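Visitor:
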Ligand SMILES: [Zn+2]
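Residue numbers (my numbering): 479 to 849.
#1: Which whole-angstrom value is the C-beta distance of residue 490 and residue 820, which I expect to be below 8 Å?
#2: Applying the 10 Å Cβ sphere with the 16-neighbour rule, what's the burial state of residue 700?
#3: If you draw a straight line from the alpha carbon of residue 644 to that of residue 506, how long is it in whole angstroms?
#4: Say the cut is 6 Å; is the CB of residue 587 nearer than that to a heavy atom of ligand 1?
#5: Restricting to Cα atoms, I'd like to know which of 528, 625 and 575 is closest to residue 564.
#6: By alpha-carbon positions, which one of 689, 694, 846 and 592 ends up nearest to residue 636?
#7: Give the straight-line distance between the Cα atoms of residue 849 and residue 479, rounded to the nearest whole angstrom.
#8: Would the beta-carbon of residue 838 be found less than 6 Å away from any heavy atom of ligand 1?
#9: Looking only at DSSP bridge pairs, what is residue 663 linked to?
#10: How close, in whole Å, do the beta carbons of residue 694 and residue 486 come, if the pair is a contact with beta carbons under 8 Å?
#11: Which residues count as close to ligand 1 when the rule is a CB under 5 Å from any of its heavy atoms, in chain order?
#12: How do the region 702-713 and the region 664-680 stand: do at least 3 beta-carbon pairs fall below 8 Å, yes or no?
#13: Just grab the DSSP bridge partners of residue 699 for me.
#14: Helix, strand or coil: how does DSSP classify residue 782 here?
#15: Going by C-alpha to C-alpha distance, which of 768, 497 and 648 sits closest to residue 840?
#16: Leaving out five residues before and five after residue 521 in sequence, what residues of the same chain have Cβ atoms less than 6 Å from its Cβ?
#17: Ignore the nearest five residues each way along the sequence and tell me which others in residue 763's own chain have a CB closer than 7 Å to its CB.
#18: Sorted by chain position, which residues of the same chain lie with C-beta nearer than 6 Å to residue 600's C-beta, five sequence neighbours on each side aside?
#19: Residue 486 lies in the beta strand (DSSP E); which residues open and close that run?
#20: Looking only at C-alpha atoms, which of 785, 745, 620 and 731 sits nearest to residue 756?
#21: Could you compute how far the alpha carbon of residue 758 sits from the alpha carbon of residue 605?
#22: Indicate, with yes or no, if ligand 3 has a heavy atom lying under 6 Å from the CB of residue 767.
#23: Quick one: what's got a C-beta closer than 7 Å to residue 743's C-beta in the same chain, skipping five residues either side?
#24: Would you mind stating whether residue 735 and residue 796 have Cβ atoms separated by less than 7 Å?
#25: So, using beta-carbon positions, are residue 571 and residue 587 closer together than 7 Å?
#26: Quick one: is residue 551 buried, meaning 16 or more other Cβ sit within 10 Å of its Cβ, or exposed?
#27: Note down the Cα distance separating residue 714 from residue 557, rounded to an integer number of angstroms.
#28: Using a threshold of 7 Å, state whether the C-beta atoms of residue 782 and residue 592 are closer than that.
#29: Which residues in the same chain have their Cβ closer than 8 Å to the Cβ of residue 613, if we skip the five residues on either side of it in sequence?
#30: Run through the DSSP bridge pairs and tell me what residue 602 is partnered with.
#31: Taking its Cβ as the centre, do 16 or more other Cβ atoms sit within 10 Å of residue 561, making it buried, or is it exposed?
#32: With DSSP collapsed to three states, give me the class of residue 561.
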């Protein structure tokens, strides 16, 4: 198994990562690999896609369909933050099983919490381990929800490659800046400039290492938010709406807003009423029965409610006051419109047409392991 680094830039829509914003890494990828766009898994949310990128599999196998779970039988619900939710083997585990050294570096602590099994070295900005930081010569990390957390995790990745030389390094940022700043803004450009600098230095420190740079999902400006739960409640429809993005990082999603919603019907006789409401709501672009959504997006049908709703391009579902909110202040993801993401590769294992989804990096590496 070859030495590899997978960098997942959280929320990095293709427009953020360009020849202009990351010239050094662009040139490296162009000369030694490729630059292209691929697809994320649906829902285009963080947790779902870390599971896919780490395992090379779709959610139908990972069983991770969001940041939050709800069991309609027991009505049990909660945040997905620890081990046990991920049902597919990760590339970290595969490398470790092969006797290789692995590292997982993340800004958000829950990534380590949920996917840390198989990581010899685990570093998170949220819950840093003092002894490890000292060994790597790293200063104490900044706040999770700060632009500098990205720079710090890149610094940690460089130190990790230099000091520990792991065979597999999985590194991920957070999408705090991209939730607030669009492509072309100085804030977004700074995030990518740091990536450009540190990935170049990682390549210089270890020129043969395969390096893949991708994103968990894209990011788009939304202007219309709807509270579908409130709309249903007001019409006497008994159902439970679960936004897969629902998370504790409320600074990123003040209304838990996102482009996709799982709907659990609580009263079978109201199926027609629900469908009539969903189909007559202009902000709802598609309403799919769970079996249909499962087939189309490789989702586990038993974990996504009775229906999956996808928002129109400019819209998102959110827990806004009342039923609707028009705003200029929301950038988010979750829908089909945030499925397109970049994939840049330095020394890729296969030619570029073999990579259709971000998960294919691990799928190819794990398929070829031992060969
Ligand atoms: Zn994300």
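Ideal placement from N, C-alpha and C gives every residue a C-beta, glycine not left out.
Here the structure is a predicted model, which is why all the values come from computation and not from measurement.
Guide: Taking the structure as given:
#1: 6 Å
#2: Around the Cβ of residue 700, a 10 Å sphere holds 16 or more other Cβ atoms; the residue is buried.
#3: Rounded to the nearest angstrom, the two C-alpha atoms are 21 Å apart.
#4: no
#5: 528
#6: 689
#7: Unreliable placement is indicated for residue 849, whose pLDDT of 42 sits below 50; no coordinate value is reported for it.
#8: Residue 838 Cβ: outside cutoff for every heavy atom of ligand 1.
#9: In the DSSP output, where bridge partners are listed per residue, residue 663 has none listed.
#10: 5 Å
#11: In chain order, the hits are 488, 489, 524, 653 and 694.
#12: no
#13: 809
#14: coil
#15: The shortest Cα separation from residue 840 among 768, 497 and 648 belongs to 648.
#16: 722, 738 and 812
#17: Same-chain partners within the cutoff: 788, 789 and 790.
#18: 582, 590 and 594
#19: 482-487
#20: 785
#21: 46 Å
#22: Questions concerning ligand 3 fall outside what the structure shown contains, since the ligands it does hold are ligand 1.
#23: 717, 749, 752 and 784
#24: Judged by beta-carbon spacing, residue 796 lies within the 7 Å limit of residue 735, meaning their Cβ atoms are closer than that value.
#25: no
#26: exposed
#27: 28 Å
#28: no
#29: 641
#30: 584
#31: Exposed.
#32: coil
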